[in-house]
Amino acid sequence: MKPRIHTPLPGPKAQALLERGQAVLSTSYIRPYPFVPARGQGVFLEDVDGNVFLDFMAGIAVNTTGYAHPRVLEAVRAQAERFAHVCFSDFTHEPTLSLAERLVGRLGGGYRVFFGNSGTEGIEAAIKLVRHHTGRPYLLAFTGAFHGRSLGALSLTASKSAYRKGFSPLLPGVVHVPFPNPFRPPLGARPEEVGKAVLEYLEHLFRTVVPPEEVAAFFLEPIQGEGGYLVPPPGFIPELKALLERYGILLVADEVQSGAGRTGHFFALEHEGVKADVYVLAKGLASGYPLSALLFREELASWRPGAHGTTFGGQAVAAAAAHATLDLLEAGLMENARQVGAYLLRELKAMQARFPFLGDVRGRGLMIGLDFGTQEEERPDLRDKAVELAFKKGLLLLPAGPSALRIAPPLILKEEEAAMGLEILEAVFQAL
Ligand SMILES: Cc1ncc(COP(=O)(O)O)c(C=O)c1O
Numbered sequence: 000m001k002p003r004i005h006t007p008l009p010g011p012k013a014q015a016l017l018e019r020g021q022a023v024l025s026t027s028y029i030r031p032y033p034f035v036p037a038r039g040q041g042v043f044l045e046d047v048d049g050n051v052f053l054d055f056m057a058g059i060a061v062n063t064t065g066y067a068h069p070r071v072l073e074a075v076r077a078q079a080e081r082f083a084h085v086c087f088s089d090f091t092h093e094p095t096l097s098l099a100e101r102l103v104g105r106l107g108g109g110y111r112v113f114f115g116n117s118g119t120e121g122i123e124a125a126i127k128l129v130r131h132h133t134g135r136p137y138l139l140a141f142t143g144a145f146h147g148r149s150l151g152a153l154s155l156t157a158s159k160s161a162y163r164k165g166f167s168p169l170l171p172g173v174v175h176v177p178f179p180n181p182f183r184p185p186l187g188a189r190p191e192e193v194g195k196a197v198l199e200y201l202e203h204l205f206r207t208v209v210p211p212e213e214v215a216a217f218f219l220e221p222i223q224g225e226g227g228y229l230v231p232p233p234g235f236i237p238e239l240k241a242l243l244e245r246y247g248i249l250l251v252a253d254e255v256q257s258g259a260g261r262t263g264h265f266f267a268l269e270h271e272g273v274k275a276d277v278y279v280l281a282k283g284l285a286s287g288y289p290l291s292a293l294l295f296r297e298e299l300a301s302w303r304p305g306a307h308g309t310t311f312g313g314q315a316v317a318a319a320a321a322h323a324t325l326d327l328l329e330a331g332l333m334e335n336a337r338q339v340g341a342y343l344l345r346e347l348k349a350m351q352a353r354f355p356f357l358g359d360v361r362g363r364g365l366m367i368g369l370d371f372g373t374q375e376e377e378r379p380d381l382r383d384k385a386v387e388l389a390f391k392k393g394l395l396l397l398p399a400g401p402s403a404l405r406i407a408p409p410l411i412l413k414e415e416e417a418a419m420g421l422e423i424l425e426a427v428f429q430a431l
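The structure is reproduced here in structure tokens:
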């Protein structure tokens, strides 16, 4: 298959659906471009007018195994014939139980699992768990972070003030710390010193504003997603973890976007050589079926039956899809994410030399960000134009952060398919 655009975009059928949507759908929905999917196969999506697109966004980093993967379809069908839902919060059942065992196994044991349906629910559960267990009120997170949109998770989210506008008061006790962005460093730091500057700021915060013994947890994305696909400087996360340990502060790794193999390891934190006290997985875990998993260290399991629950979390069909996804990740997709990701990163860095408006190319595995502008100047206008032109040429991308775009394809992407995407990007950058 190849990208193929044969109507103006949006085509007539897409246009009709978009108009119907305008009449009934919530005005809070964003539409980055007028794409109306009809069906998918592998890494390609066809719209309602028969245009074919190469998918470098995977439903916002969700569709690990692409579209209509036969192994996922088979697992889903088999489980749907047995039962879809009985309620895992009340009744133990397969395949959800063995999924919990499998996820704990990936951490080498010593953790427990709570299942939800979405990233924000996983984060909400993490907030409740760390407060309940420590009895401490404060929570820390980074500026630029995205942790979800329910009111607790939204209190941690700090990627765009528009997400928070009109919803205050949010959860009290949440304090944000500048993210150590190596491309555009905060706190007047030089790029090579930004990690140190942020840790010093944190110590300053502990001396002046936030008593560290009252902080329950630090919420961290191992690679900041919505904030711009930003990789923290080497060594920063282990140093942060050591500092937090000195004060008995828990580390919560929000792996909703970075987890489930996207970076080439199952957990992105594995690149850093540290373990978190709590992990949250969602997006890529079940290849598009709604599922999140909160994994927490055995010692934190002090909450009692009824302290937290949910009707749908751990639903059996989603759990079956997650098993199939894990099978495929273990059978080679993580390795593929590493290899094809390295190829894309190499080629994009070569493009950077030809197109100086590409200020930064960064990422791990198939979680790659391209930042437009320079260290001093963000160019969201160029980024937005690039996303729009790519769409018109048959490549689906998404923005991330103030001036970056993200490349987050299904992990089944082959090198020759990656090359098709690069060819379109080359044409887009020429046109810019
Ligand atoms: C890192 C991170 N955490 C949490 C969330 C919230 O997940 P959901 O949209 O499934 O509620 C997202 C979603 O983009 C995310 O990227």
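No gaps in the numbering here: position 113 of the sequence shown is 112 in numbering that gives the first Met the number 0, and each next residue is one more. Every residue, glycine too, gets a C-beta built ideally from N, C-alpha and C.
Identify the continuous beta strand (DSSP E) that holds Ser291 and give its terminal residues. Ser291 to Arg296
Taking the continuous beta strand (DSSP E) assigned at Leu219, which residues delimit it? Val214 to Leu219
Would you call Val360 buried or exposed, if buried means 16 or more other Cβ atoms sit within 10 Å of its Cβ? buried
Let me confirm a value: Val208 is counted as buried when at least 16 other C-beta atoms fall within 10 Å, else exposed. Which label applies? exposed
Taking the C-alpha atoms as reference points, what is the distance between Leu357 and Ile423? 16 angstroms
What three-state label does DSSP hand His203 in the structure shown? helix
Candidates Lys195, Leu219 and Val42: closest to Val276 by CA position: Reading off the sequence, residue 276 comes out as Asp, not Val. Of the candidates Lys195, Leu219 and Val42, the one whose C-alpha sits nearest the C-alpha of Asp276 is Leu219.
Since Phe87 is in the alpha helix (DSSP H), which residue starts that stretch and which ends it? Here Phe87 belongs to no alpha helix (DSSP H), and DSSP marks it neither H nor E.
Bridge partner(s) assigned by DSSP for Phe141: Val176
Can you check which of these residues, Ala124, Val51 and Ala79, is closest to Ala292 by C-alpha distance? Ala124
Label Gln314 either buried or exposed according to how many other C-beta atoms from any shown protein chain fall within 10 Å of its C-beta, with 16 as the threshold for buried. buried
Please state the DSSP three-state secondary structure of Tyr66. strand
Under 7 angstroms, do Gly194 and Phe235 count as touching if we go by C-beta distance? yes
Return the CA-CA distance between Ile126 and Gly109, expressed in angstroms with no decimal places. 20 angstroms
Within a Cβ cutoff of 7 angstroms, which residues of the same chain sit near Leu198, ignoring the five residues on either side of it in sequence? Glu238, Leu239 and Leu242
Neighbour-count burial assignment, Gly151, 16 or more Cβ in a 10 Å radius: buried
Beta-carbon gap between Val173 and Leu138 smaller than 7 angstroms: yes
To which residues of the same chain is Pro211 closer than 6 angstroms at the C-beta, ignoring the five residues directly before and after it? Phe205 and Tyr246
Paired residues, beta bridge with Tyr278 - DSSP: Ala252 and Leu294
Evaluate Phe90 with the Cβ neighbour count: other Cβ atoms within 10 Å of its Cβ, from every protein chain shown; 16 or more gives buried, anything less gives exposed. exposed
Within this structure, are the beta carbons of Arg111 and Ala215 separated by less than 7 angstroms? no
Using a Cβ-Cβ cutoff of less than 6 angstroms, which residues in the same chain neighbour Arg130 once the five nearest sequence positions on both sides are dropped? Ala215
For Ser158 and Glu297, I'd like the C-alpha separation in whole angstroms. 32 angstroms
Measuring CB to CB, does Val61 end up less than 7 angstroms from Gly287? yes
Comparing alpha-carbon positions, which option in Ala385, Ala57, Leu412 and Phe311 lies nearest Leu404? Ala385
Going by C-alpha to C-alpha distance, which of Leu284, Phe371 and Leu128 sits closest to Leu410? Leu284
Quick check: the Cα distance between Pro401 and Pro408, rounded to an integer number of angstroms? 21 angstroms
For Leu431, which three-state DSSP category applies? coil
Which partner residues of Leu394 appear in the DSSP bridge assignment? Leu53
Let me know if Asp54 comes out buried or exposed under the rule of 16 or more other beta-carbons within 10 Å of its beta-carbon. buried
Which word fits Gly331, buried or exposed, when buried means at least 16 other C-beta atoms lie within 10 angstroms of its C-beta? exposed
In or out: Tyr278 buried (at least 16 other Cβ within 10 Å) or exposed? buried
Return the Cβ separation of Ala317 and Pro355 in integer angstroms, given the expectation that the two are a contact with Cβ distance under 8 angstroms. Ala317 to Pro355, Cβ: 45 angstroms. No contact.
Using the C-alpha atoms, what's the distance from Arg19 back to Trp302? 47 angstroms
Closest to Gly362 by C-alpha separation, out of Ala306, Pro231, Ala349 and Phe311, would be which residue? Pro231
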